[in-house]
Amino acid sequence: MPRRRTVHSDQFLETERRTSGEPQCQLCLRYVRHVTRHHLVPREEGGRYGPVADLCQPCHSTVHLLLSNRELARKYGTIEALREAEELQKYLHWIRRSRVEHISNRRRRWN
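Going by UniProt numbering, the sequence shown opens with residue 1, and the numbers climb by one from there.
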């Protein structure tokens, strides 16, 4: 019978990752192996030299899946605004409890 993970072991792993210097996704706040650079205002909307955020690949893909570049430029120009986006709440609730490091970019829109 496989051993069940406990809250204690999950907290231990999170502490290990934090102290090992792994980068943190600024959207879901998980420590992951790799992050990608996300332009908070998309480059095609004039944000080439604007602020950026380090996002894990699942968060980065989901942001671009659920929100258009125009929406990102007009409503979600800060990481705080992006974290509060109604369209992302269900996803953020799921990913924060997940150990997923990579998801496919080829997904259909949820709505």
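No residue lacks a Cβ here, since even glycine has one placed at the ideal position from N, Cα and C.
- The criterion of a C-beta distance shorter than 9 Å is not satisfied by Gln57 and His39.
- At a Cβ-Cβ threshold of 9 Å, Ala53 and Leu67 do not count as neighbours.
- Annotated as distal: Arg97 and Leu29, with beta-carbon spacing of 9 Å or more.
- Annotation: Arg70 to His60 spans about 16 Å, alpha carbon to alpha carbon.
- Pairing Glu87 with Thr62, the inter-Cα distance amounts to about 10 Å.
- Counting along the chain, no beta strand (DSSP E) covers Arg83; the unbroken alpha helix (DSSP H) around it starts and ends at Ile79 to Arg83.
- Lys75 sits close to Ala81, with the two beta carbons spaced by under 9 Å.
- Only exposed fits Tyr49, as fewer than 16 other CB atoms lie within 10 angstroms of its CB.
- Residue Leu72 holds the alpha-carbon nearest to the alpha-carbon of Pro51 among His102, Leu72 and Gln24.
- Taking 9 Å as the cut-off, the Cβ atoms of Leu55 and Arg83 do not count as close.
- Bounds of the alpha helix (DSSP H) holding His93 are Gln89 to Ile95.
- Sequence-distant partners of Glu45 (beyond 5 residues in either direction) whose C-beta falls short of 8 Å from its own C-beta, in its chain, are Asn69, Arg70, Leu72 and Ala73.
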